[in-house]
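Novice: In this note's numbering, the protein residues as written are 1364 to 1447.
Let me begin by handing over the structure; questions about it come next.
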């Protein structure tokens, strides 16, 4: 995930978001908090993602963290695996 657009494209496909997904953090919040089935999302290369996305990456992680607190179906985990 090298930029916000690529990130949202990936999330839309990986999490099977609706075609009308707005590809921004507000739309991500809406999708994450409306998930009605158990799902676990794991960010494996947190440091690399933050390096690529900067402040936007921090906001993205915060959106996932807060949505997981709001939605009991969403489990969010962060790993800091090394990227080679």
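Ideal placement from N, C-alpha and C gives every residue a C-beta, glycine not left out.
According to DSSP, residue 1395 sits in a beta bridge with which residue or residues?
Specialist: Its beta-bridge partners do not exist; DSSP assigns none.
Novice: With 16 as the cutoff for other CB atoms within 10 Å, does residue 1377 come out buried or exposed?
Specialist: Exposed, since its Cβ has fewer than 16 Cβ neighbours within 10 Å.
Novice: Does the separation of the CB atoms of residue 1383 and residue 1371 fall below 9 angstroms?
Specialist: Contact flag unset, no.
Novice: Check the C-beta distance from residue 1453 over to residue 1441 and give it rounded, since I have them as a contact under 8 angstroms.
Specialist: Shown here, the chain extends from 1364 to 1447; a query on residue 1453 therefore has no answer.
Novice: Provide the residue(s) that pair with residue 1387 in DSSP beta bridges, ordered along the chain.
Specialist: Paired residue(s): none; residue 1387 is not in a bridge.
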